[in-house]
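*Asks:* First the structure, which I've put down as structure tokens, then a few questions once you've had a look.
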Amino acid sequence: MTETQSPPADWVRLQRALSVEAETGFNNLVGKQQSFSEFLRDSLQQAPAVLPADQRQAWQNLAHKFDGYGDLSFAQRQHLVAETRRFLHSTQRLLEKFAETKSLRSREGSPTDAPKSTASKPPKSSKATPKTTQLAEATGTGSFRFGLEQPVTYLKGIGPKNSDRLAKLGLFTVQDVLYYYPRDHINYAQQVKIRDLEPGETVTIVGTVKRVNCFTSPRNKKLTIFELQLSDGSGTLKLNRFYPGNRYATPSWQQQQKRQYPQGAIVAASGLVKAGKFGVTLEDPHLEVLDSLSDRIESLTIGRMVPVYSLTEGVPADLVRKAVAASLPAVPELQDPLPVDLRQRYELIGVGDAIAQIHFPNDEEALAKARRRLVFDEFLYLQLGLLRRRQQQQAQQTAITLAPTGALIDSFYGIIPFRLTGAQQRVVNDILSDLQKPVPMNRLVQGDVGSGKTVVAVVAVLAAIQSGYQAALMAPTEVLAEQHYRKLVEWFNQLHLPVELLTGSTRAAKRRKMLGELATGELPILVGTHALIEDPVQFRDLGLVVIDEQHRFGVQQRARLMQKGANPHVLTLTATPIPRTLSLTMHGDLDVSQIDELPPGRKAIQTTLLTSKERPHAYDLIKREIAQGRQVYVVLPLVEESEKLDLKSAVEEHQRLAEVIFPEFAVGLLHGRMSSAEKDAAITAFRNRELHILVSTTVVEVGVDVPNASVMLIEHAERFGLSQLHQLRGRVG
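Heads up: the sequence shown at position 186 corresponds to 202 in our numbering, and the numbers run straight through without jumps.
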């Protein structure tokens, strides 16, 4: 085997530059002398002279692409960086072949492999329990010659062919491999006796081979069966492995398998314990032959917590594990971004230890500590990125200052039949303060259904109108948009302010009229759905955007609405309760206000989880509430019965409740497949108390306000999202 030379330092700089550009969000990072694109352009113009003419031309073409890097979109930059990394990887392979050919011509024979370590095995222990080599503890030992940017092809046991396979996963360098975290772990660390095996456990056993056989299945000539019988003094265990394919059906291969596990050999086996008609066994076991009971288990899949990686076609799991194990000695070269005092304050382990233990943890506790450190880092980088983006936006964007003068807001306070709660007033003060700043407001208001978010949003809208600007309120569904519209009409008619509703079903003549008034500024506020972001919708002076249930819109949809004005202020609303720490993590570029106080007279909603055996208690509660003149919702996830899902449907449950459970009550049905007229009729009948029970899907999530409804029974609650459950709760609040 010829010894290949390490790639030149310039190649390492290229790979490092590409890695840093990807890590920093493809922002065309500017260094001390050049930007990223300029460095790549200049470097790629100097193709290695040994390459053929067509290869050198490919380098020139790639250099030309980086000349226009600054004009590319985010996705195009991402694609070009990935393309360049693949190109450099394939070129390195080509140069390695040139080097090998030259070496073979200039030498006779091939250099001998480096001598294996002469370090003796650990002394035999008196305890007959083999130990597993802890890979994570071995990091930094030995004479590791490569840096983090070194190609994986130079790792022990990898080589050019395997590096091509790893490239399919985007693993080109040692650093790529170290940061390719497993998605799960299988715990084979528990060593047990054969007599103590329990089905469902993942274990490791160590025993002596009593019998071995390898043969072609009499029923399928293309299937080879390998049988192994182990004994550990407490019992015997039969293990099977199956090998489909003609290449395993040859006598020579089968004899070779039997020779690997001779009678009397000591074997470690790991796997999932399964119970069968012939007793317990290990499913698809991993096997390793040991020299003695005191020998160390060197396998990457036996007697330890085994990492499970995301794979793709042609990339076996063992190859990724081998690459990771070969890369672990480079862990000490990782620079820890957190200073020691911060790590001590938050009880975090070092980043090198975390990466080593996330791949091959010593135990469950080590894995938990590693995961905690790496999750901390992910959230930290997310926060830093969001804060950086926010600083850049505030530095680049200037917003109109909304300093309302006049009596609109005071008049509004006079027409609503209640006083704002302390929480509402606090949030209003936050918003009015933001509107007077020269940077665009970006505030999230969180409050449970019925906490008064709409009133707070109306104050912000009036502040914009009173300052001479327009406002837009966007909701995710027509039902919710109509609900907001009806409420605003009720209030704004008393303030002598026009308000219009724009949805996909708005008639063309009506649409043309309101769009004309919007463009001239006659219409101060427009309520709508996604229709607001369409091109014909043009505001004269859009100063404020209010987005309800913001998580129901995509980033591009929200951005398109904001582009209707010159950096308008943005207020987003959500009813989904989010802990403050999590909201700051998810919305690091937002200011967060919480309405954590319900208006007087509004009762807290009591939520109870019932099992199927407790269903009669729910039916008794429904009967008691109806007897007191109240009404009830029953919500289901499906409209009709499904063959794929074992769930109740609204149509089926409506029939059962009406005919079997509550024949004495009027039971209605509401779901999304009904026509608009049918839905309106069902909602109106329920609102007018003509129905006692309304069986529905999630169409009642928003927009169906029936104050007399006091109970909601949600079937298969696990099929609903958190935000859906809280919206549904609001129907009976």
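Cβ atoms here follow ideal geometry from the backbone N, Cα and C, with glycine treated the same way.
For the candidate residues A370, R672 and L686, whose alpha-carbon lies nearest to that of E680?
*Replies:* Selected option, being the one with the closest Cα: R672.
*Asks:* Determine whether the Cβ of A575 lies closer than 9 Å to any Cβ atom of chain C.
*Replies:* Going by chain labels, chain C is absent from the structure shown, which holds only one protein chain.
*Asks:* Name the residue from Y259, D450 and L548 whose alpha carbon lies nearest to the alpha carbon of A487.
*Replies:* Among Y259, D450 and L548, the Cα nearest to that of A487 belongs to L548.
*Asks:* According to DSSP, is Q644 helix, strand or coil?
*Replies:* Coil, per DSSP.
*Asks:* State the Cα-Cα distance for the pair Y635 and A674, rounded to the nearest angstrom.
*Replies:* Straight-line Cα distance between these residues: approximately 13 Å.
*Asks:* Grab the span of the alpha helix (DSSP H) containing M690 for me, first residue to last.
*Replies:* From DSSP, M690 is part of no alpha helix (DSSP H); its letter is neither H nor E.
*Asks:* Could you tell me the alpha carbon to alpha carbon distance between Y195 and S51, rounded to whole angstroms?
*Replies:* Cα-Cα distance, rounded: 26 Å.
*Asks:* Kindly indicate which residue of H546, G292, T189 and T470 has the alpha-carbon position closest to the one of E214.
*Replies:* Nearest C-alpha to E214: G292.
*Asks:* In the DSSP output, which residue or residues are listed as bridge partners for Q207?
*Replies:* According to DSSP, Q207 bridges with T220.
*Asks:* What three-state label does DSSP hand G737 in the structure shown?
*Replies:* The answer is coil: DSSP assigns G737 none of H, G, I, E or B.
*Asks:* Can you give me the Cβ contacts of A701 inside the same chain, cut-off strictly under 7 Å, excluding the 5 residues immediately before and after it?
*Replies:* If we look at A701 and ignore the five residues flanking it on each side, its Cβ neighbours are G684 and L707.
*Asks:* Looking at the structure shown, is E506 part of a helix, part of a strand, or coil, going by DSSP?
*Replies:* Three-state DSSP puts E506 in a helix.
*Asks:* Report, in whole angstroms, the separation of the C-beta atoms of V465 and A591, which I expect to be a contact under 8 Å.
*Replies:* Contact holds; Cβ gap of about 5 Å.
*Asks:* So, at 8 Å on beta carbons, what are the nonlocal neighbours of F392 in its own chain, with the 5 sequence-adjacent residues on each side left out?
*Replies:* The residues are Y362 and L364.
*Asks:* Give, in chain order, every unbroken run of the alpha helix (DSSP H) that is at least 4 residues long and sits entirely within the region 324-403.
*Replies:* Those alpha helix (DSSP H) runs which fall completely within the region 324-403 and span 4+ residues are 333-343, 356-361 and 367-375.
*Asks:* Counting only the same chain and skipping the five closest in sequence on each side, list residues whose C-beta sits under 6 Å from that of A480.
*Replies:* Result list for A480: L418, A487, G559 and L560, in chain order.
*Asks:* Measure the alpha-carbon distance for I431 versus V443 and round it to whole angstroms.
*Replies:* Rounded to whole angstroms, I431 to V443 spans 20 Å at the Cα level.
*Asks:* Do K76 and A65 have their C-beta atoms closer together than 9 Å?
*Replies:* Position check: residue 76 holds Gln in this sequence, whereas Lys was assumed. For Q76 and A65, no; Cβs fall outside 9 Å.
*Asks:* G249: which of R275, I282 and A620 sits nearest, CA to CA?
*Replies:* For the residues R275, I282 and A620, the minimum Cα distance to G249 belongs to I282.
*Asks:* Please look up how many angstroms separate the CB atoms of S315 and L171, rounded, as I've assumed it's under 8 Å.
*Replies:* The pair is not a contact, with the Cβ atoms about 18 Å apart (cut-off 8 Å).
*Asks:* Kindly identify the DSSP beta-bridge partner or partners of V46.
*Replies:* Beta-bridge pairing links V46 to S51.
*Asks:* Use the C-beta contact count for G438: other C-beta atoms within 10 angstroms, 16 or more gives buried, fewer gives exposed.
*Replies:* Answer is exposed; the Cβ neighbour count stays below 16.
*Asks:* For M457, name the three-state secondary structure that DSSP assigns.
*Replies:* The answer is coil: DSSP assigns M457 none of H, G, I, E or B.
*Asks:* Put Y259 into one of helix, strand or coil per three-state DSSP.
*Replies:* Strand, per DSSP.
*Asks:* Would you tell me roughly how many angstroms separate the C-alpha atoms of I642 and V648, rounded to the nearest one?
*Replies:* Roughly 8 Å separates the two Cα atoms.
*Asks:* Can you tell me whether W269 is buried or exposed, with buried defined as 16 or more other CB within 10 angstroms of its CB?
*Replies:* Classification for W269: exposed.
*Asks:* Where does D564 fall in DSSP's three states?
*Replies:* The answer is strand: DSSP assigns D564 an E or B state.
*Asks:* For the putative contact between D564 and A491, defined by C-beta atoms under 8 Å, what is the C-beta separation to the nearest angstrom?
*Replies:* At roughly 5 Å, the Cβ-Cβ gap stays under 8 Å, so D564 and A491 are in contact.
*Asks:* First and last residue of the beta strand (DSSP E) that includes S427?
*Replies:* Premise fails: S427 lies in the alpha helix (DSSP H), L424 to I431, not in any beta strand (DSSP E).
*Asks:* Am I right that S726 and I611 are in contact with their C-beta atoms under 8 Å? What's the rounded C-beta distance?
*Replies:* 23 Å between Cβ atoms; not a contact.
*Asks:* To which residues does DSSP link V586 through a beta bridge?
*Replies:* Its beta-bridge partners are N458 and V561.
*Asks:* When we look at the beta-carbon of A476 and count the other beta-carbons within 10 Å, is it buried (16 or more) or exposed?
*Replies:* By the 10 Å Cβ count, A476 comes out buried.
*Asks:* List the whole-angstrom C-beta distance separating R32 from E165, where the pair is believed to meet the contact cut-off of C-beta under 8 Å.
*Replies:* Right, their Cβ atoms sit about 5 Å apart.
*Asks:* Return the residue from the list L654, A69 and R93 that minimises the CA-CA distance to F736.
*Replies:* Nearest option by C-alpha distance: L654.
*Asks:* Can you tell me where the alpha helix (DSSP H) holding D678 begins and where it ends?
*Replies:* It should be noted that the sequence gives Phe, not Asp, for residue 678. That residue, F678, is in no alpha helix (DSSP H); it is neither H nor E in DSSP.
*Asks:* Leaving aside the five residues before and after V97 along the sequence, list all residues of the same chain whose C-beta is less than 8 Å from its C-beta, in chain order.
*Replies:* Excluding sequence neighbours, V97 sits near L34, E37, A38 and F42.
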